[in-house]
Amino acid sequence: MEKTDDLIAITNTSIINMNDGEIAEGMTLIIKKGIISTIGKSNELEIPSKAKVVDGKGKYIIPGLWDMHAHTSSESVTRSVLYPSFIANGITGIRVLSADCFEPCWELQMNIDQSKGLQSDVENSILVGPNAIFGSTYINGAIPGKPSTIKEPGNRQDGKKLVHLLLDRGVDFIKIYDEIPREAYFGIAEEAKKKGLPIAGHVPVSIKASEASDAGQKSIEHCCAGSLFEECSSEEKKLREQITKVIQSREPKNMYSLVLELVETYDDAKCQEVFRKFLENNTFYTPTLVATEMDNILRKDDWRDDPRLKYLPKIEHEFWIEDEITTKEVLGIQDPLIREKRFDIVGDMNKAGVKLLAGSDCGVFGVHYGSGLHDELELLVEAGLTELEALQTATVNPAEYSDKLEFIGNVREGLKADLLILNENPLDNISNTKRIYSVLSNGKYYDRQSLDTMLENVAIEVAK
82 MEKTDDLIAI
92 TNTSIINMND
102 GEIAEGMTLI
112 IKKGIISTIG
122 KSNELEIPSK
132 AKVVDGKGKY
142 IIPGLWDMHA
152 HTSSESVTRS
162 VLYPSFIANG
172 ITGIRVLSAD
182 CFEPCWELQM
192 NIDQSKGLQS
202 DVENSILVGP
212 NAIFGSTYIN
222 GAIPGKPSTI
232 KEPGNRQDGK
242 KLVHLLLDRG
252 VDFIKIYDEI
262 PREAYFGIAE
272 EAKKKGLPIA
282 GHVPVSIKAS
292 EASDAGQKSI
302 EHCCAGSLFE
312 ECSSEEKKLR
322 EQITKVIQSR
332 EPKNMYSLVL
342 ELVETYDDAK
352 CQEVFRKFLE
362 NNTFYTPTLV
372 ATEMDNILRK
382 DDWRDDPRLK
392 YLPKIEHEFW
402 IEDEITTKEV
412 LGIQDPLIRE
422 KRFDIVGDMN
432 KAGVKLLAGS
442 DCGVFGVHYG
452 SGLHDELELL
462 VEAGLTELEA
472 LQTATVNPAE
482 YSDKLEFIGN
492 VREGLKADLL
502 ILNENPLDNI
512 SNTKRIYSVL
522 SNGKYYDRQS
532 LDTMLENVAI
542 EVAK
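The sequence shown begins at 82 in the numbering used here and counts up by one.
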């Protein structure tokens, strides 16, 4: 009788507890239809005769990783390239920041029905891909001088109406962007809280990060320009006014000097007050450090030599070439002080107890789909997190954020068996998350050969 993935036994392995980092050695897991049914000592646990047996000797098991700031592309590209890239890199869950669009959509976007169609195919084993949380289209508000509308709100009333429109569309949360007018933002936040629809995203230039936290924004994205750099400056009022003018003028070349001035006027006491506000309101923060490494990429000037480019869709590769030119024109080679302060703030947030989420912002210049999350984990450790704390940003913290601690985020009986089996201990070196032996996702077991085949097929698809 052929043994299937419905019953799997992983034997003689080490399990890392994501809460405290304790390692249970010599353990066996029994997985039934995608759920961890039994965990016990290998010398005490009887293996079911019908089980597919995986020898886990010398391996380490952690939960599958979540990329909490991911992007997708067109339906065909997401299906054939992005989704298998996530699984091949051990990313079993993603939060998609903008999984919808108001028609007519851009060629690299999907509407919510298409996004949910892919999720249905994943759940029904038609498509190899991660579990997903889907955000709305970018909510950016009415451009100054233009009338307010429901889709581009400029006032509180239209902001509230927009919430109902997005509820009807079926998104999981509202994606906030930079230029929402103040009254429209608070209208959205107020109505979203009433209706139980989370909001997440940028901090609009019209408000402070602490105000977004007070308004109930569940997570804030990107560190730190646009949020903490401003509010942590001793010259906040003056510089915020100047930044607003630059954004409204559509002349980003003038932004760099202002960001540097924000950093040079950094006030630690002000920042600690903001961190306390985040703790009080249980606001999560997604630093996306890897997405801010454009300056380092430009300085090294070696991104075209990255072997991962063979997995990047051609049209996105073309956008990266354009983005390199734009980035050089707008930012140039930045003062290292900006990067240093960004990393200091992330480390300080972590020390203060703010709950961080690992997110890559994959698809932006220099950030690869799937593997970019591993780059982010390495940068979080560089910012001062321990290896365990970095792992938590991609496992238990996403589970808590999603109110799914009883389903995902750790390795214990009764939880979903979305798992990563590693060749080396990631607590010794966070880069060991890239040393993947096998992946379990949505009830399926993928050995190293299967994962390599996925990547080979992605490369073939990209080369067409």
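Glycine included, each C-beta is placed from N, C-alpha and C at the ideal position.
Cβ-based neighbour list, residue i, same chain, cut-off 6 Å, excluding 5 preceding and 5 following
i    : result
A281 : F254, K299, S300
G444 : H152
K391 : A540
E410 : none
A223 : S229, E233, G235
K274 : G297
E272 : K241, V244
E403 : none
A372 : D442, V445, V448
Cβ pair residue i, residue j closer than 7 Å
i    : j    : result
K276 : S217 : no
I172 : P211 : yes
K289 : F365 : no
K232 : G268 : no
L343 : S314 : yes
G451 : S166 : yes
V427 : P388 : no
L461 : A475 : no
K515 : H455 : yes
L438 : M99  : no
W147 : P479 : yes
D376 : Q415 : yes
P394 : V135 : no
Y258 : I220 : yes
S154 : L178 : no
G137 : T92  : yes
Y578 : K422 : No information on residue 578 is available, as it lies outside the stretch 82 to 545 that the chain covers here.
E542 : V162 : yes
L88  : K122 : no
N510 : L503 : no
Three-way DSSP call (helix, strand, coil) for residue i in this model
i    : result
M191 : coil
P368 : coil
P144 : strand
G268 : helix
S522 : strand
E106 : strand
D136 : strand
M149 : strand
K256 : strand
D249 : helix
N538 : helix
I89  : strand
S287 : coil
A306 : coil
A296 : coil
I128 : coil
K274 : helix
I517 : strand
D101 : coil
D533 : helix
K319 : helix
S118 : strand
S338 : helix
Reference residue i; option with closest CA among the options
i    : options                : result
A306 : I419, P388, Y266       : I419
F400 : N363, G428, V448       : V448
R263 : S287, D249, R250       : S287
G102 : I91, T467, L370, A544  : T467
D442 : H283, F424, S512, E537 : H283
L370 : V492, L458, Y518       : L458
A433 : G490, E354, S130       : E354
A132 : S95, N170, K84         : K84
A293 : L247, N192, N362, A350 : N362
I168 : D87, E542, R529        : R529
D194 : V520, I142, R250       : R250
N431 : F356, T534, S519       : F356
A90  : A105, I97, E106, I120  : I120
C182 : R176, S196, I175       : S196
Beta-carbon contacts of residue i that lie in its chain and below 7 Å, excluding the five residues immediately before and after
i    : result
R115 : A small correction: the amino acid at residue 115 is Gly; Arg does not occupy that position in the sequence shown. Closer than 7 Å at Cβ, skipping near neighbours: K497, A498, N523, G524.
E317 : E311
L208 : R160, Y164, L199, D202
A296 : F267, A270
Neighbourhood of residue i by C-beta distance below 8 Å, restricted to the same chain and skipping five residues each side
i    : result
E345 : L418
V492 : I96, I97, N98, M99, L110, I117, I120, I142, I143, P144, L500
Residue-level contact to chain B via CB, residue i, 7 Å cutoff
i    : result
L126 : The structure shown contains no chain B, having only a single protein chain.
Next on the checklist: Please give the ranges of any alpha helix (DSSP H) in the segment 423–502, keeping only runs that are unbroken, at least 4 residues long and fully inside the region.
Outcome noted: Whole alpha helix (DSSP H) segments, 4+ residues: 452–463, 468–473, 477–482.
Item to check | Within the segment 170–246, ranges of the alpha helix (DSSP H) (whole runs, at least 4 residues) | outcome: Counting whole runs of 4 or more residues, the segment 170–246 contains the alpha helix (DSSP H) stretches 193–204.
Item to check | 4-residue-minimum alpha helix (DSSP H) runs that sit fully inside the segment 342–418, ordered along the chain | outcome: Counting only runs of at least 4 residues, the segment 342–418 fully encloses the following alpha helix (DSSP H) elements, listed from N- to C-terminal order: 349–362, 375–381, 395–411.
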